[in-house]
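Residue numbers (my numbering): -8 to 138.
In structure tokens form, the structure reads like this:
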């Protein structure tokens, strides 16, 4: 709210916004498919591989939420992580939903999911962290190039 509105003749989708959309989409697709194929290569059941891919998408979205909170500066601050109460409540709700999706038998039956072990769960979280770091690196590169 501190920034002035964009000029009326400026397009809604700027070149930067289009770039960011493509960049983050490629990272998320690579993360989800990468985990899926990694799980398959380890001989895990297809249900587990599928669950890891879905969980990776959700985790990457959560980490990306933190990255876009401060688009003109780093999000790697306490202020960036603590954010607002509503955002934290939403994140907690999503996490509870993902745990239910992954581990509750009736959800596993409904969605064809499988339980994820500790190693696989850490890989899913690592994918989210990697996305956050790559987005922050891109942001830093863009901001230092402007100067």
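Think of the CB as a built atom: it goes at the ideal place given N, C-alpha and C, for glycine as much as any other residue.
Considering only C-alpha positions, which residue in the set the options is nearest to residue i?
i           : options            : result
residue 27  : 15, 17 and 46      : 46
residue 130 : -4, 14 and 29      : 14
residue 57  : 39, 105, 79 and -3 : 79
residue 103 : 43, 12, 9 and 18   : 43
Helix, strand or coil for residue i? Go by DSSP, reduced to three states.
i          : result
residue 38 : helix
residue 85 : helix
residue 5  : coil
residue 96 : helix
residue 45 : helix
In angstroms with no decimal places, state the Cα-to-Cα distance between residue i and residue j.
i           : j           : result
residue 31  : residue 1   : 46 Å
residue 83  : residue 35  : 28 Å
residue 116 : residue 24  : 15 Å
residue 20  : residue 122 : 11 Å
Take residue i and list the residues in its own chain whose beta-carbon comes closer than 8 Å to its own, dropping the five residues that flank it on each side.
i           : result
residue 85  : 49 and 53
residue 113 : none
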